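Note that this note's numbering gives residue 13 to position 13 of the sequence shown, counting from 1, and the numbers run on in steps of one. Every residue gets a Cβ at the ideal spot worked out from N, C-alpha and C, and that includes glycine. Note that the structure is a prediction, hence the values are computed from the model and not measured. Each remark here refers to the structure printed beneath this line.
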Amino acid sequence: MKIQDIIFLIIFVFLILKRNPAISAYTGIISLIVSIPLFYLQIFFTAQRLTYYAAAFFLVSVIFHLLSLKKAK
């Protein structure tokens, strides 16, 4: 397990405990923005991982939005 995976897990657990869909979405966007220069520099392994992390952050954001809609009814 690399350091980037450990950092991802720490952030992921923090976002789940925080339960804020906006912060999760912003974190996903930041992850994608950081991956763009890495693709340009051909650091593909890390850039690809960052896109996977962004997908996980977006998925958490969508789940939190759906749960909040269900509670509102």
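Subject >> Endpoints, alpha helix (DSSP H) assigned at Ile16 >> reply: 3-18
Original post:
On the premise that Gln4 lies in contact with Thr51, defined as a C-beta separation below 8 Å, what is that separation, rounded to the nearest angstrom?
Top reply: Contact flag wrong, Cβ pair sits at about 12 Å.
Subject >> Leu76 - containing alpha helix (DSSP H), residue span >> reply: Coverage of the chain is limited to positions 1 through 73, which leaves residue 76 absent and any answer about it impossible.
**OP:** List the endpoints of the continuous alpha helix (DSSP H) containing Leu32.
**Re:** 21-40
**OP:** Compute the Euclidean distance between the alpha carbons of Ile36 and Ala72, then round it to the nearest angstrom.
**Re:** 37 Å
**OP:** Could you tell me which of Phe64, Leu41, Ile6 sits nearest to Pro21, measuring between CA atoms?
**Re:** When each option's Cα is compared against that of Pro21, the closest is Phe64.
Original post:
Hey, out of Lys18, Lys2, Ile6, Ser31, whose CA is closest to Ala56's CA?
Top reply: When only C-alpha atoms are compared, the closest one is Ser31.
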